[in-house]
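Using this note's numbering, the letters of the sequence shown map in sequence onto residues 333 to 640. Taking it in order: structure first as structure tokens, then the write-up.
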Amino acid sequence: MKSIAGIIPVMLTPFTEDNKIDYPGLGKLIDWYIANGADALFAVCQSSEMQFLSLEERVALAKFVVEHTRQRVPVIASGHISDGLDDQISELTAMAQTGIDALVLVTNHLDPKNEGTEVFKHHLDAILAALPPTMALGLYECPAPYRRLLSDEELMYCANSGRFRVLKDVSCDLPTVTRRVALVKETPMAIVNANAAIAWDAMLAGSKGFCGVFTNFHPDLYHWLYHHGAQHRDAAEPLSLFLSLSAVTETLGYPKNAKIFHQRIGTFSSTHCRVTADDVLKKYWGLGVILQQIADGAEWQRKQLAKK
Numbered sequence: 333m334k335s336i337a338g339i340i341p342v343m344l345t346p347f348t349e350d351n352k353i354d355y356p357g358l359g360k361l362i363d364w365y366i367a368n369g370a371d372a373l374f375a376v377c378q379s380s381e382m383q384f385l386s387l388e389e390r391v392a393l394a395k396f397v398v399e400h401t402r403q404r405v406p407v408i409a410s411g412h413i414s415d416g417l418d419d420q421i422s423e424l425t426a427m428a429q430t431g432i433d434a435l436v437l438v439t440n441h442l443d444p445k446n447e448g449t450e451v452f453k454h455h456l457d458a459i460l461a462a463l464p465p466t467m468a469l470g471l472y473e474c475p476a477p478y479r480r481l482l483s484d485e486e487l488m489y490c491a492n493s494g495r496f497r498v499l500k501d502v503s504c505d506l507p508t509v510t511r512r513v514a515l516v517k518e519t520p521m522a523i524v525n526a527n528a529a530i531a532w533d534a535m536l537a538g539s540k541g542f543c544g545v546f547t548n549f550h551p552d553l554y555h556w557l558y559h560h561g562a563q564h565r566d567a568a569e570p571l572s573l574f575l576s577l578s579a580v581t582e583t584l585g586y587p588k589n590a591k592i593f594h595q596r597i598g599t600f601s602s603t604h605c606r607v608t609a610d611d612v613l614k615k616y617w618g619l620g621v622i623l624q625q626i627a628d629g630a631e632w633q634r635k636q637l638a639k640k
């Protein structure tokens, strides 16, 4: 089983204007991620608008990412959107057959009504029994439909099974990340933080990379921070501030604002989203200027890092 660590972009799903998946655009997007420092790819996740994709689309999307990536980096995928146990087993079994390197389970669907650890374990055990025993797994504390953080007991229940390779940590809390890193130290599981505000400190505390939404804007900067920041603290500190402040823009119409960014750089042509029909450039005054400032600021950071 491959280890899953480093900079793991949460992939967008480009659509055509008539609401179909834009596969040529998706291919260019995959190449852009890899050229800009992705160590792995997280397909069919919330940023992919997975709650708005049919099961057929989710499976086809994962297969395409695997085939186009051609083993250049590991591919993980979720597509775990159902609450009913039978539906979960069906969708996860289908996703497990796409050739992905790890299948990611969403924690809130393992306990849909937030009833506690026993329900979580019941759902998890049933799913594990249904999946191929050699299928590497991951966990994702997806914030939709509600954010369900793992308890330490639940985390260790999964980590000690030997089947889990990664947790996308959405606690957004440095002490929690630090504690989790220590807890899973002797297991195959990697803790990968998803919050930009603590990204640098989490890396220093043992987070095995970064898996947040601004990997859709400048994954290369996160790559430098993770792989080289410890050797160049003088550059890492100001870079981490830029990354944190840029990521605040997530609240201004993501993922459509990320699609606008990619339309501007020519990755794909349409900004169509299933998550929102809003014209986010009109809804959020100044967003167009902010996106350009982020692009310009990222380029300035690259020039500074090139001197190191």
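Built from N, CA and C at the ideal position, the CB exists for glycine as well.
Using the three-state DSSP reduction, which class does residue i fall into: helix, strand or coil?
| i | result |
| --- | --- |
| H375 | The identity of residue 375 in the sequence shown is Ala, whereas the question assumes His. It is a strand residue. |
| Y616 | coil |
| R390 | helix |
| L499 | strand |
| N589 | helix |
| L437 | strand |
| I622 | helix |
| F396 | helix |
| G629 | helix |
| R580 | Rather than Arg, the amino acid found at residue 580 in this sequence is Val. Looking at V580 - three-state DSSP - the assignment turns out to be helix. |
| V607 | coil |
| G431 | coil |
| F600 | coil |
| G541 | strand |
| G561 | helix |
| F347 | strand |
| I413 | coil |
| I340 | coil |
| P475 | coil |
| A567 | helix |
| Q403 | coil |
| H594 | helix |
| F549 | coil |
| T466 | coil |
| L442 | helix |
| S572 | helix |
What does the Cβ neighbour count give for residue i, buried or exposed, with the cut at 16 atoms within 10 Å?
| i | result |
| --- | --- |
| F597 | Note that residue 597 is Ile in the sequence shown, not Phe. Exposed is the call here. |
| D371 | buried |
| K588 | buried |
| D552 | buried |
| G369 | buried |
| P657 | Residue 657 lies beyond the range of the chain shown here (333 to 640); nothing can be said about it. |
| P464 | exposed |
| E485 | exposed |
| R495 | buried |
| S379 | buried |
| S572 | buried |
| K517 | exposed |
| R288 | The question about residue 288 has no answer here: the residues shown for the chain are numbered 333 through 640. |
| L577 | exposed |
| K615 | exposed |
Are residue i and residue j touching if we call contact CB-CB under 7 Å?
| i | j | result |
| --- | --- | --- |
| F549 | F593 | yes |
| G544 | A526 | yes |
| E349 | S602 | yes |
| Y554 | I339 | yes |
| M343 | A375 | yes |
| I459 | V436 | no |
| F347 | H560 | no |
| R511 | I523 | no |
| I421 | A394 | no |
| F384 | R606 | yes |
| S503 | L481 | yes |
| D433 | K540 | no |
| T599 | K352 | no |
| W532 | L637 | no |
| L613 | L584 | no |
| F546 | A568 | no |
| V509 | A534 | yes |
| N440 | Y478 | yes |
| H521 | A491 | For the sequence presented, residue 521 should be read as Met rather than His. Yes, the Cβ-Cβ distance between M521 and A491 is below 7 Å. |
| K640 | H564 | yes |
| G448 | V398 | no |
| A514 | M467 | no |
| L373 | E423 | no |
I need the boundaries of the alpha helix (DSSP H) containing residue i, first residue and last residue.
| i | result |
| --- | --- |
| L471 | Segment 469-472 is the beta strand (DSSP E) holding L471; no alpha helix (DSSP H) there. |
| V509 | 506-515 |
| I366 | 355-367 |
| E450 | 449-462 |
| M535 | 531-536 |
| L487 | 484-491 |
What residue range is occupied by the uninterrupted beta strand (DSSP E) comprising residue i?
| i | result |
| --- | --- |
| V524 | 522-525 |
| A409 | 407-409 |
Touching by the beta-carbon criterion (3+ pairs, under 8 Å), the region 437-451 and the region 401-416 | As far as the Cβ criterion goes, the region 437-451 touches the region 401-416, which means the pair count is three or higher.
Does the pairing of the region 490-502 with the region 466-473 give three or more beta-carbon distances under 8 Å?
-> Contact between the region 490-502 and the region 466-473 is present, because at least three Cβ pairs lie under 8 Å.
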